[in-house]
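> Before I ask anything, here is the structure I am working with.
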Amino acid sequence: MEGLGALNEDDEEETCLCFSREASVWTFLCTVPDDLQPERNYLERELLPQLDRICQAGGARFKPVNLRWNRGEAENWSPHHPHRKLVSSQQLKISLDYISCCSVFMCLLGQRYGAFRPESSAPLPASIDSLDGLSEVEKNLYVASKHGYPWVLEGRNQTCSLTELEVTQAASLKDSSGCFFYFRDYSYDDGASDAENERLLSVMSRQTAFEEQRVRELKTKIINKCLPVRFFRSLQELGEQVIEDWRTIIKQFCSLDTVNTSVGLQHSPPHAHHQAFAQHCCRSFVPWLQSGRVSDSLDAFALSATTDAQTQDNVLPRGTDKAENTSSGQQLTEEPAQKSILLLCGSRGCGKSSMVASWLRDFCRKSSGILVVPYFVGASPASADVRIFLSHCTSALRCASYGSVPRHSVLNFILKKSIVRREAVQAFAAAAGLRPCVLVLDGLDELEGTLGLSTQEVKKLQWLPDPLPPRCKLIFTSSSADLSCKYLSSRTDVHVLHCPSPADPAVRGAIVRKHLALPCRHILGAQLEGLLAKNLSFLPVFLSAVGGELRTCGALQDEEQKLEEYLGVWSVQELWALVIERWVQDYSWGCESTTRRGRKRAAAPARDAQAGPRGWVWAVLCLLRLARCGLREEELLSLLHTLGYRGARKVLPLDWALFRSASWHWIQEGPSGLLSLTHQSLHQAVDLQLLGAEPAGQESGCCDGSRKAFHRALAQFFQQLHGAPCRRVFLEVPWHLERAESWEELRAFLCDPGIVDILSRSSAQFLQLRADLVRYWGLLAGRGCDPFLSLLNLCGLKHASEERKSTATFIVDKPLPETWVQARLMAFSADILNDLGKTPESEFLLLEAESRLVEADLKDRKSMGVLLRVEQRLAELYSTMGQLERAEMYCHKALSTAETCLSHHPDSSDHIERKVLILMLCHLLAGRGSPDVSVILSEISALSHASTHPSRVATVKLLQGMHRLAQGDPSEAQACYQEALSIRHRWYGPEHPQVAEAEEHLADLLCQAREMGTGKRHVVELYQHVIKVKEEQRVSALSPHLAQPLGCSLALTLCQLDRKLLLTSSDRQERREAIRLLQRARDLQLSLLG
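In UniProt numbering, the protein residues as written are 1 to 1090.
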């Protein structure tokens, strides 16, 4: 596939960075147009990439804001858009907006002063009716003055250059600690070349006396303010000064703290996304009396997590039915702390996310002893997957209790299709019971269907444990109208708290003024009065949207008229439709499209009455809404170029900045630089218009608003994207192809040798992708594509039944000459087939891979590593199939391969697989009572890994118990069994097969006691639970080859319970139960073995 050669092999989450203060360092680059051209070129081409690398090393992203350097390109702006001529008049206003938001201000000054009004010009009046007839500088001054910066028209500022006004904003009107200035030293240099001296003389000769004086005064003012100023003579000197200053900036804004993925939640990229989203919500929150009461209620509820579980049960027994209807802003009802779940519900847009984010910030500051795990569904587009929520919380809770735990071990457990409903939920519940904790899920109503669960099942909360552990408290937010709110409210362990609306006009007015976000921009009293008179004004999202529009809409349209339109709506969706329409009209234009014969046709209008909104702004909103993981700014601009916005219609940096200034609050940039829509109401507005814009039964392109066309464009873009992390390409491309229903292209992508080769290199890094691949192959199988034949063709193999395949063919574009590469592809394909329930096909590929590797007899590290992986997979496969002798044989083979590999390559990582294999072999040998167990246990005790992972500690304890029992020490064996059971129960939860395994060993041991007395009931309960788990495991087996050994094991357990406990009982009812169990075991054996 094109572009795969440039992909980064490393997973973008393998190295996690700790974000201390800011995830992105926004830097405004200020200079005078047409001055210092060599310096600006050097800075842009050489220094900016170095600054980006320094920021990445410090755990942040470098975000340069460069609005005025592409002046030559701006002169070629097309006049097709009716407002395009007015864009340049907003340059000063946009620059001042960005300077207010940027953390760093970098300014290069030479001898030019920039565009300014002549000193002899008449003073400008404070206001003017029309901008017609004014110079470009005067238009910029009036637009900036009208929209929050009236000081630009005060006194001397009227004759200042636009560059000096930018410097004034950065150095005088905001915190100047992030300002850095670089002055070109024009003193005579004997060592300079003649060409350089001529250039300096040419610059000075073009200066007027007034310009020379103003430049000197500006530099003097900067120096007198004691701001950091550097003087440079050469490009090399400039580069050294910038790099030195930037290292200081990184120390100020970021902390260099590269950590391993096994470290806890606070160092993970998902945590950074949720933290950034919470900070975004806090910035827009305005507290009031009722919100303070809600915070007090949340405090009391969260602090109750430390209350003893037994005390809670005594105060409020489970099942007590109490009225939970609370009015807006009321305190919790009597004894709310005894509930396990608090549901904060309300209308969409009532401020639930901001309220919870503000409470989280304050609670974590004053209650640092309680573990709080926040999760905001709006933090990223992928966060709506309930699997991600379960793995995020499970990983965080385990890390808090056990310390360093590999993240992939949690993801591998959560992402498997067969256990989403039971074992993943049990693991989540077990982790939640490890210690007092508070889990916060904001946006319960936004969770979507996931692998193994439909949307309705997610809404019915079938993934949520019932009951929860006593010391675990869950805080949910949800829309009152959502189905999940209805089902959650019906649970007896849930307390419902209604989110209050701000009734005080002063509070609502403060929300509007907060979203104006300009120091000198005020809303008129009449405007505010009309706004607050609307019933919708009780929703903060309505006030936020209107406030943001008042900040920007008056630049190109009549502000009073637009406000009147906004106040005439009856719903938030109607408001968003008008806002989107205004964005499209003011900032957007159509692209040139082509007919099927390739002839150009007229550009599409900004909006079509039948097809809905059109133009690049609408395309950006659709792309952000449909992208699976969000898009970066440069990716969006590249996509727009692909969609036809090129040449005279190209979207320039100033165009983009103008749109971003209007949509700043609603399009958030995450720590990784990915942009996404922040509010669910905007999601719905885009969905409604996007669905309504697609003509039924007609073929349409992206400009026509087709959802499928946008998905196809995104898939094609990521396929051709060079230098992107491969994980992101694999997440995006097949996902978009599926939604575009491009099944042939999806099949071609999944069968691409380059794609599968990269995925097969490190399966631990791509667990979510592997789960997605299984789902994609399942979809293709339902449409007539045989995954086995497709993967055989991919690996370069033929099958006897190949002639039965469909007419579609699979072509391998490039040969895979190396044997170990082919074997690795076979092993990975075998894993996919095994997850699809095709056990014999998986076995066939693994045996073929082993045969090729053994025949080649290669001793290099890569070949031996693949052979080790194949033999280990075969051992695991035969163990699950019940073929224990073959499993033992391949354990020995794999251990021999690991020993050979370590002898040839001592620095390899195969010692990790060796430890796992030793545990597996010991388990197989202990099962048949082999005397070699004691030797292997001694080796296991000598290994350093025994105390690193709880599941391995439990396995070692179980093996020790089996060995002690074989040596005739039942008391010591019982202690080992009980410890193994306790560890597994805490790690996996009660319904996991490994828990049932430990219970069965313990029950067998207790059955051997001559006098069980009152312990008989306990043993029966253990067996009954083992039977229940085994039955569920057998029913959910993916193939009959896996179900058969599970059924045989279940029959043996039934016989064990029947013969040792129930048949010997004197109770008639127990004897009848024994006969029933014996008949069930016989039926199972007959059906499985014949």
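We treat Cβ as the ideally placed atom computed from N, Cα and C, and that holds for glycine.
Everything numeric in this text was worked out from a predicted model, so none of it was measured.
Where are the alpha helix (DSSP H) runs, 4 residues long or more, that stay fully inside the stretch 131-179, in chain order?
136-146, 162-171
> Could you have a look at M920 and say whether DSSP puts it in helix, strand or coil?
Numbered from 1 along the sequence shown, position 920 holds the residue referred to as residue 920. Here M920 sits in helix by DSSP.
> Give the range of the beta strand (DSSP E) segment to which Y587 is assigned.
Here residue 587 is taken as the residue at index 587 of the sequence shown, counted from 1. Unbroken run through Y587 is the alpha helix (DSSP H), 572-587; no beta strand (DSSP E).
> Do you know how far the Cα of C591 is from the Cα of E560?
Against the sequence shown, residue 560 aligns to sequence position 560. Against the sequence shown, residue 591 aligns to sequence position 591. Cα to Cα, the separation comes out at about 31 Å.
> Let's see if you can read the secondary structure: which residues bound the beta strand (DSSP E) around E669?
In the sequence shown, residue 669 corresponds to position 669, counting from 1. Looking at the DSSP string, the run of the beta strand (DSSP E) that includes E669 is 667-669.
> DSSP on R599, reduced to helix/strand/coil?
Within the sequence shown, numbered from 1, the residue matching residue 599 stands at position 599. Residue placement at R599 is flagged as unreliable, the pLDDT there being 44, under the threshold of 50; a coordinate-derived value is accordingly withheld.
> Helix, strand or coil for G329? Go by DSSP, reduced to three states.
Position 329 of the sequence shown, counting from 1, holds the residue named residue 329. Since pLDDT at G329 reaches only 39, below the 50 mark, its modelled position is unreliable, and no value is offered.
> Per DSSP, C472 forms a beta bridge with which residues?
Translated into the one-based positions of the sequence shown, residue 472 becomes position 472. According to the DSSP secondary-structure assignment, C472 is paired through a beta bridge with C437.
> Taking its Cβ as the centre, do 16 or more other Cβ atoms sit within 10 Å of S742, making it buried, or is it exposed?
Stepping through the sequence shown from its first residue, residue 742 is reached at position 742. When all chains shown are included, S742 counts as buried.
> Excluding the 5 residues flanking L682 on each side, which residues of the same chain have their C-beta closer than 7 Å to its C-beta?
In the sequence shown, the residue the question calls residue 682 occupies position 682. Closer than 7 Å at the Cβ level, and outside the excluded window around L682, lie W576, W666.
> Specify, as a first and last residue, the run of the alpha helix (DSSP H) that V356 falls within.
Reading the sequence shown from its first residue, position 356 is the one you call residue 356. In the DSSP annotation of this structure, the continuous segment of the alpha helix (DSSP H) that includes V356 starts and ends at 352-366.
> Tell me the DSSP secondary structure of F828 in three-state form.
Along the sequence shown, one-based indexing puts residue 828 at 828. Three-state result, F828: helix.
> Report the three-state DSSP secondary structure of Y113 (helix, strand or coil).
Numbered from its first residue, the sequence shown carries residue 113 at position 113. Looking at Y113 - three-state DSSP - the assignment turns out to be coil, as it is neither helix nor strand.
> For the beta strand (DSSP E) containing C499, list its first residue and its last residue.
As a first step, residue 499 must be located in the sequence shown, where it is residue number 499. It is not in any beta strand (DSSP E) - C499 carries neither H nor E in the DSSP assignment.
> Do you know how far the Cα of L797 is from the Cα of K893?
Residue numbering aside, residue 893 sits at position 893 when the sequence shown is read from its first letter. Residue numbering aside, residue 797 sits at position 797 when the sequence shown is read from its first letter. Straight-line Cα distance between these residues: approximately 25 Å.
> Whose C-beta lies closer than 6 Å to the C-beta of S145 among residues of the same chain, with five residues either side of it excluded?
Against the sequence shown, residue 145 aligns to sequence position 145. Cβ neighbours of S145 beyond the five flanking positions: V152, L153.
> According to DSSP, is A74 helix, strand or coil?
For this step, residue 74 is matched to residue 74 along the sequence shown. In this predicted model, A74 has a pLDDT of only 47, less than 50, meaning its place in the structure is not dependable; the value taken from the coordinates is given anyway. If DSSP states are grouped into helix, strand and coil, A74 belongs with the helices.
> If we call anything under 8 Å between Cβ atoms a contact, is T306 one with I370?
Position 306 of the sequence shown, counted from the start, is the residue given in the question as residue 306. Position 370 of the sequence shown, counted from the start, is the residue given in the question as residue 370. Yes.
> Do the stretch 966-976 and the stretch 988-1000 touch if we need at least three Cβ pairs shorter than 8 Å?
When C-beta atoms of the stretch 966-976 are compared with those of the stretch 988-1000, fewer than three pairs fall below 8 Å, so the two segments do not count as touching.
> Sorry if obvious, but does the Cβ on G647 come closer than 7 Å to a heavy atom of the ligand MG?
The model depicted lacks the ligand MG and carries no ligand whatsoever.
> Relative to the C-alpha of R216, which candidate in E237, L235, D185 has its C-alpha closest?
The residue given as residue 216 occupies position 216 in the sequence shown. Here the closest residue by C-alpha is D185.
> Go through its chain and collect everything with a Cβ distance to V686's Cβ below 6 Å, but skip five positions before and after it.
Counted from its first residue, the sequence shown places residue 686 at position 686. The answer, listed in chain order, is L621, R625.
> At which residues does the beta strand (DSSP E) containing K63 begin and terminate?
As a working note, residue 63 is residue 63 in the sequence shown. It spans 61-65 - the beta strand (DSSP E) in which K63 sits, taken as one unbroken run.
> With distances taken between CB atoms, is the gap from L760 to A827 smaller than 8 Å?
Counting from one through the sequence shown, the residue named residue 760 turns up at place 760. Counting from one through the sequence shown, the residue named residue 827 turns up at place 827. In the sequence under discussion, the amino acid at residue 760 is Ser, which differs from the Leu named in the question. Yes; because the gap between Cβ atoms is below 8 Å, this pair is in contact.
> Are three or more beta carbon pairs between the stretch 103-114 and the stretch 502-515 nearer than 8 Å?
No: the two stretches stay apart, fewer than three of their Cβ pairs being nearer than 8 Å.
> Would you say L1005 reaches chain D, if we count a Cβ-Cβ gap shorter than 8 Å as a contact?
In the displayed structure, chain D is absent; only one protein chain is listed.
> Any chance the stretch 1028-1039 sits against the stretch 467-484, with 3 or more Cβ pairs inside 8 Å?
no
> Could you please give me the residues that DSSP links to Y375 through a beta bridge?
In the sequence shown, residue 375 corresponds to position 375, counting from 1. DSSP, once it has assigned bridges, lists L441 as partnering Y375.
> Out of P228, T163, L750, L731, which one is the CA nearest neighbour of G178?
On the sequence shown, position 178 is the one that residue 178 refers to. Ranking the options by Cα distance to G178, first place goes to P228.
> Check whether the stretch 283-293 and the stretch 671-678 touch, using three or more Cβ-Cβ pairs below 8 Å as the test.
No: fewer than three Cβ pairs fall under 8 Å.
> How is C393 classed by DSSP in three states: helix, strand or coil?
Taking the sequence shown and counting its residues from 1, one reaches residue 393 at position 393. Note: C393 maps to helix in three-state DSSP.
> Is L539 helix, strand or coil by DSSP?
Here residue 539 refers to the residue found at position 539 of the sequence shown. Three-state DSSP puts L539 in coil, outside helix and strand.
> Using only the alpha-carbon positions, how far apart do K460 and D445 sit?
The sequence position of residue 460 within the sequence shown is 460, counting from 1. The sequence position of residue 445 within the sequence shown is 445, counting from 1. Computed Cα separation, rounded: 11 Å.
> Flag this pair as touching only if the stretch 568-582 and the stretch 536-552 have three or more C-beta atom pairs under 8 Å; answer yes or no.
A contact exists between the stretch 568-582 and the stretch 536-552.
> Where do the N-terminal and C-terminal ends of the alpha helix (DSSP H) with R230 fall, by residue?
The residue given as residue 230 occupies position 230 in the sequence shown. First-last for R230: 229-232, but that is the beta strand (DSSP E), not the alpha helix (DSSP H).
> For a test of the three-state rule: what should DSSP assign to W26, helix, strand or coil?
For the purposes of this step, residue 26 is identified with residue 26 of the sequence shown, where counting begins at 1. W26 falls in the strand class under three-state DSSP.
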